[in-house]
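Using the numbering used here, the final residue of the sequence shown is 1627, and nothing's skipped along the way.
Glycine included, each C-beta is placed from N, C-alpha and C at the ideal position.
Only a predicted model underlies this, so the values are computations on that prediction, with no experimental measurement involved.
Below is one structure, written out as structure tokens; the observations come after it.
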Amino acid sequence: MSKPNKGILLVNLGTPDSPSVSDVRRYLNEFLMDGRVIDIPSLRRLFLVRGIIVPFRAPNSAKLYRAIWDKETGSPLLHYSLLQQQLLQERLGDEYHVELAMRYQNPSIASALAKLRPMNLESIRIIPLFPQYASASTGSVIDKVMELMRTWHTFPEISIVNDFYDNGLMIDVFAENALKHNPQTYDHILFSYHGLPVRQLTDVEPSHKHHCETAGCREQISEHSRYCYLAQCYATTRLLAQKLGLQPDRYTVCFQSRLGKTPWVQPYTTDVLKVQAAKGAKRLLVFCPAFVSDCLETIYEIGTEYATEFKAMGGEHVQLVESLNDHPLWITALEKLAIAGKHDSVLHPNPIDKLGVVAR
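Structure follows, in structure tokens:
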């Protein structure tokens, strides 16, 4: 076996070590104390997180984690992330060494870098596993990696994949997973992304005055919105809708998992459920294209919580479209991201779908 000379660091958000209240509390404290997640002065954040949010939220969140925790494989997010690491390593071969880290909790970024550092690698490529860029996710990963590598005396060549919202193979996997559920049999389709405080979108331009509605972020990616989370979410949606041949009146983009009373990006998924129920919709198909692995936000929030809410409103069924998980095409996408960069497998105009659907 030859010695690897290139390193790949996959980084996902994180998960508690177990669904116990103490482990969930530890996870939430680390997650919510990140200044890029709750971007308020540190003393206010400390009081808010450790004095109010975590003490009340940890016991309830622990119940939710227990509902999705597998007796054999544990956390779904960690389970699929480990599979992605293993399968990518097999694809890349001995020239590469693939490490997995979580931004919060374990395996930590510090432990992953500690394994990579003594290998004397010629390069390290960092792939935050978030299709759409946001300061609170991808930005936080990059920030942490830079903080930890600051003490290194020698550096290999470092490269970062900061987004892959338009990756063609990713689009293919989501489309293939959706076709298993016969989208035409649903009254409406939701593209539900993780939410973000509106104030965090104003900093995507150097002027710190970015305004999504003025910049047309729901319609296009432009020079001013290239790093805008909202613009990238809508761009991913357009590509998926094109792939599946969906007309605009057949789907809605929405945002879930908001925290606190501050304004977050709208429309909220819960409000869209109400609108669709009022229109008489009975069956909804829901994509979560901000997540590459099924986790609490997909399995429980969509598959259980929102499904229960919708039924209480008179609906009948909410079907989650499975995430990318360990799908072979997704592993191919990761391989291309690791070797060639994010634009190597971007969707081409008017593709003929391998599943027989003509994108138009």
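Supposed close pair residue i, residue j - CB separation, criterion 8 Å
| i | j | result |
| --- | --- | --- |
| Gln1399 | Ala1548 | Not a contact, Cβ separation roughly 26 Å. |
| Glu1602 | Arg1358 | 5 Å |
| Ser1328 | Leu1295 | 7 Å |
| Thr1537 | Glu1576 | 7 Å |
| Ile1427 | Ile1409 | 6 Å |
| Ala1442 | Lys1510 | 4 Å |
Proximity below 8 Å, CB of residue i to CB of residue j
| i | j | result |
| --- | --- | --- |
| Tyr1460 | Phe1522 | yes |
| Ile1438 | Leu1506 | yes |
| Gly1582 | Ala1544 | yes |
| Leu1463 | Tyr1494 | no |
| Thr1452 | Arg1550 | yes |
| Asn1279 | Ser1560 | yes |
| Leu1591 | Val1365 | no |
| Ala1445 | Leu1350 | no |
| Ala1600 | Leu1436 | yes |
| Tyr1567 | Leu1540 | no |
| Ile1415 | Leu1380 | The sequence given here places Leu at residue 1415; Ile does not occur at that position. The answer is yes: Cβ separation under 8 Å. |
| Gln1352 | Asp1284 | no |
| Leu1367 | Ser1390 | no |
| Leu1355 | Ala1605 | yes |
| Leu1388 | Leu1277 | no |
| Asn1429 | Thr1405 | yes |
| Val1471 | Val1532 | no |
Residue i classed as buried or exposed, judged by whether at least 16 other C-beta atoms fall within 10 angstroms
| i | result |
| --- | --- |
| Thr1504 | buried |
| Arg1333 | exposed |
| Met1580 | exposed |
| Phe1422 | exposed |
| Ala1403 | buried |
| Phe1554 | buried |
| Trp1597 | buried |
| Gly1274 | buried |
| Thr1282 | buried |
| Arg1392 | buried |
| Thr1565 | buried |
| Arg1627 | Annotation note: pLDDT 23 at Arg1627 (below 50); position unreliable, coordinate value reported separately. Answer is exposed; the Cβ neighbour count stays below 16. |
| Asn1449 | exposed |
| Lys1643 | The question about residue 1643 has no answer, for the chain in this structure spans 1268 to 1627. |
| Ser1489 | exposed |
| Asp1516 | exposed |
| Pro1530 | exposed |
| Ile1319 | exposed |
| Ser1474 | exposed |
| Phe1314 | exposed |
| His1594 | buried |
| Val1542 | exposed |
| Gln1586 | buried |
| Ala1377 | exposed |
| Phe1458 | buried |
| Ser1309 | exposed |
| Leu1622 | Confidence at Leu1622 is low in this model, with a pLDDT of 34, below 50, so the placement of that residue should be treated as unreliable; the coordinate-derived value is given next. Leu1622 is exposed by the Cβ-count criterion. |
Neighbourhood of residue i by C-beta distance below 6 Å, restricted to the same chain and skipping five residues each side
| i | result |
| --- | --- |
| Pro1616 | Low confidence applies here, because Pro1616 scores a pLDDT of 37, under 50, leaving its location unreliable and the question unanswered by this model. |
| Ser1312 | Per the sequence shown, the amino acid found at residue 1312 is Arg instead of Ser. The answer, listed in chain order, is Ile1305. |
| Ser1269 | Asp1361 |
| Asp1301 | Ser1407 |
| Leu1344 | Thr1282, Ser1560, Cys1562 |
| Pro1286 | Ala1329, Tyr1332, Arg1333, Trp1336 |
| Thr1340 | His1346 |
| Leu1513 | none |
| Ala1482 | His1491, Ser1492 |
| Val1316 | Leu1299, Met1300 |
Contacts around residue i, its chain only, beta-carbon distance under 7 Å, and the 5 residues preceding and following it disregarded
| i | result |
| --- | --- |
| Cys1484 | Ser1492, Cys1495, Leu1497, Ala1498, Tyr1501 |
| Leu1563 | Leu1331, Tyr1332, Ile1335 |
| Tyr1535 | Cys1521, Phe1522, Arg1525 |
| Ala1325 | Val1288, Val1291, Arg1292, Leu1295 |
Sequence-distant residues of the same chain with beta carbon closer than 8 Å to residue i, five excluded per side
| i | result |
| --- | --- |
| Val1321 | Arg1292, Leu1295, Asn1296, Leu1299 |
| Val1588 | Phe1441, Asn1444, Ala1445, His1448, Leu1552, Val1553, Phe1554, Cys1555 |
| Lys1476 | Thr1469 |
Beta carbon proximity, residue i to chain B, threshold 8 Å
| i | result |
| --- | --- |
| Val1542 | Protein chain content of the structure displayed is limited to a single chain, and chain B is not contained in it. |
Any non-hydrogen atom of the ligand HEM closer than 7 Å to residue i Cβ
| i | result |
| --- | --- |
| Gln1509 | The model depicted lacks the ligand HEM and carries no ligand whatsoever. |
Handout entry: Segments of 3+ residues assigned as beta strand (DSSP E) that fall wholly inside the region 1478 to 1518
Key = Listed in chain order, there is nothing to give.
Exercise for the section: Would you mind listing the beta strand (DSSP E) stretches within the region 1273 to 1334 that are 3+ residues and don't spill past its ends, in chain order? Expected result: Positions of the beta strand (DSSP E) runs, each at least 3 residues long and wholly inside the region 1273 to 1334, are given as 1273 to 1281 in order along the chain.
Problem - In chain order, each alpha helix (DSSP H) run of at least 4 residues that lies wholly inside the region 1383 to 1442 - result: For the region 1383 to 1442, whole alpha helix (DSSP H) runs of length 4 or above, ordered along the chain, are 1407 to 1416.
Exercise for the section: Kindly provide the ranges of any alpha helix (DSSP H) runs that are 4 or more residues long and lie completely inside the region 1534 to 1580, ordered along the chain. Expected result: Runs found: 1536 to 1545, 1574 to 1579.
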